[in-house]
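Just below is one structure, and these are the notes that go with it.
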Ligand code: GAF
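Numbering (my numbering), first residue to last: 48 to 439.
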């Protein structure tokens, strides 16, 4: 893979081989803990083995020339004094936003030729945007020999999404893409940033991702609206206890005793966040105790809460969910990521994987007219440099 990309890099940018560096950032799948990160709650994502490659050679003239094997017809060129969002630059706004944020941090950038290739399906809720963001931030900061750790880079990428792209995402995706480890899930408290890696011992079960093939488009979705609703609910609940600085700190008993102070919509949103947080804690204990069956039930309760209380699933994800939970050998399934389309993640016995795909495909097509795609989910490590592996 990387070797072919070297040839493609030379096609776009002829020149010296020794100056090219290669970086890779994964996508992520969230096992449970959805729409909790921006409410100061718990999340449990894993990094995937698929992700975004970046090949880069630095320049001295302040110019950036970006190419992507995924958007061959859409090169993006700009210079250091043109770091503004331009709608027509489309995918190029993500790296451009990162360059903007790095400059604001004082990273001495002088321009670069960059080639990207991603094998994460775009807009599928598997964090293709955090992946291109983290690979760019990591690679450019390394190239400039500017000391920033992966946690600082994760926050820098979040600022890019929030300020440059205009989507008020939380911190889960950037942490997973930057810091998760192969064969583990990253258990993260998004308030205190305490983290723990939890081993994924699935025995004869596989993690399976199913893509609705309904594109999600975070910026167009109701993501920012949900964030506002959570803020409003918190403001009202702070009238009971002003020490609560986020929804995740509200104990379920206090919520239940005071829920009539909230409108039905705000009540439902807050209930999702508070119960989802409790589910993550329980899910971590299940993984540690090798209790996959209860873990699977928690996944399904999470989907139901996202469907009924948070209202971020939609027809396609719900069709997959119902079809999948009915298949023998599937012990847990739910939507993953922001919702409004994108993917589900399921735990399926290895002997049932083929039957799962056939049955789910048939029912899904009947109900939505769309074809689903299935991926066996291999976990991977957070962002890394791969230059040496390629040169060997
Ligand atoms: C998207 C966001 F980027 C994350 O921060 C998170 O809120 C997620 O949706 C929902 O859990 O992936």
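Even glycine gets a Cβ: it sits at the ideal position worked out from N, Cα and C.
All figures in this text were calculated on a predicted structure; none of them were measured in a lab.
Buried/exposed call for residue i, threshold 16 Cβ in 10 Å
i           : result
residue 407 : buried
residue 261 : buried
residue 125 : buried
residue 80  : buried
residue 168 : buried
residue 65  : exposed
residue 300 : exposed
residue 266 : At residue 266, the pLDDT of 47 sits below 50, so the modelled position is not reliable; the number obtained from the coordinates is stated separately. By the neighbour-count rule (16 or more Cβ atoms within 10 Å), residue 266 is not buried but exposed.
residue 285 : exposed
residue 131 : exposed
residue 67  : buried
residue 77  : buried
residue 240 : exposed
residue 385 : buried
residue 75  : buried
Sub-7 Å separation of residue i and residue j beta-carbons
i           : j           : result
residue 89  : residue 215 : no
residue 251 : residue 397 : yes
residue 429 : residue 225 : yes
residue 99  : residue 179 : yes
residue 148 : residue 113 : no
residue 280 : residue 317 : yes
residue 52  : residue 105 : no
residue 346 : residue 360 : no
residue 102 : residue 162 : yes
Which residues DSSP lists as bridging residue i, in chain order
i           : result
residue 256 : 392, 422
residue 70  : 101, 432
residue 124 : 112
residue 328 : Its beta-bridge partners do not exist; DSSP assigns none.
residue 377 : 395
residue 90  : 235
residue 321 : Paired residues: none, contrary to the question.
residue 160 : 104, 112
residue 382 : 391
First through last residue of the beta strand (DSSP E) which encompasses residue i
i           : result
residue 106 : Careful: residue 106 lies outside any beta strand (DSSP E) and carries neither H nor E.
residue 246 : 242-246
residue 167 : Where residue 167 is concerned, there is no enclosing beta strand (DSSP E), given that its DSSP letter is neither H nor E.
residue 233 : 231-236
Any non-hydrogen atom of the ligand GAF within 6 Å of residue i CB
i           : result
residue 292 : no
residue 81  : yes
residue 330 : no
residue 382 : no
residue 336 : no
residue 356 : no
residue 220 : yes
residue 216 : yes
residue 136 : no
residue 84  : yes
residue 201 : no
residue 385 : yes
Start-to-end residues for the alpha helix (DSSP H) that takes in residue i
i           : result
residue 150 : 140-151
residue 78  : Counting along the chain, residue 78 falls outside any alpha helix (DSSP H), and DSSP gives it neither H nor E.
residue 300 : 299-305
residue 410 : 400-415
residue 204 : 197-206
residue 213 : It is not in any alpha helix (DSSP H) - residue 213 carries neither H nor E in the DSSP assignment.
residue 178 : 175-190
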